[in-house]
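Student: First the structure, then my questions, so here it is.
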Amino acid sequence: MKPYKEMYITTYLLKEKQKTGKKIHAFIYQINEDIIGGSGHLETWEPGDFSLKDKKRLINEGTIIK
139 MKPYKEMYIT TYLLKEKQKT GKKIHAFIYQ INEDIIGGSG HLETWEPGDF SLKDKKRLIN
199 EGTIIK
């Protein structure tokens with residue numbers, strides 16, 4: 139596996155909030171024109187980071203509110 143020379147990280151503020159009212163951010167990782175991954179971050183939540191695929195589950199559990 140070769141190391142990458144440049145990776146861009148774009149941060150988005152999501153419209154949803156945590157049940158505590160805190161903000162939720164999404165990070166998208168991109169090399170050249172290819173999106174290689176992404177993650178989400180909940181403030182004051184341990185461990186704090188979550189897979190963007192788990193967003194719907196977190197809404198259903200009440201951690202994230204629309």
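Each residue of the sequence shown is one higher than the one before, starting from 139 at the first, in the numbering used here. In this text, a Cβ means the ideal position worked out from N, Cα and C, and glycines have one as well.
Write down the C-beta distance between residue 204 and residue 154 rounded to the nearest angstrom, noting that I regard them as a contact closer than 8 Å.
Tutor: That belief holds up - the Cβ atoms of residue 204 and residue 154 are roughly 5 Å apart, short of 8 Å.
Student: What distance in whole Å lies between the Cβ atoms of residue 158 and residue 182, which are believed to be in contact at a cut-off of 8 Å?
Tutor: Contact flag correct, Cβ pair sits at about 7 Å.
Student: So, helix, strand or coil for residue 155, using DSSP?
Tutor: strand
Student: I need the boundaries of the alpha helix (DSSP H) containing residue 161, first residue and last residue.
Tutor: Careful: residue 161 lies outside any alpha helix (DSSP H), inside the beta strand (DSSP E) at 161-169.
Student: What does the alpha-carbon distance come out to for the pair residue 194 and residue 166?
Tutor: Rounded to the nearest angstrom, the two C-alpha atoms are 18 Å apart.
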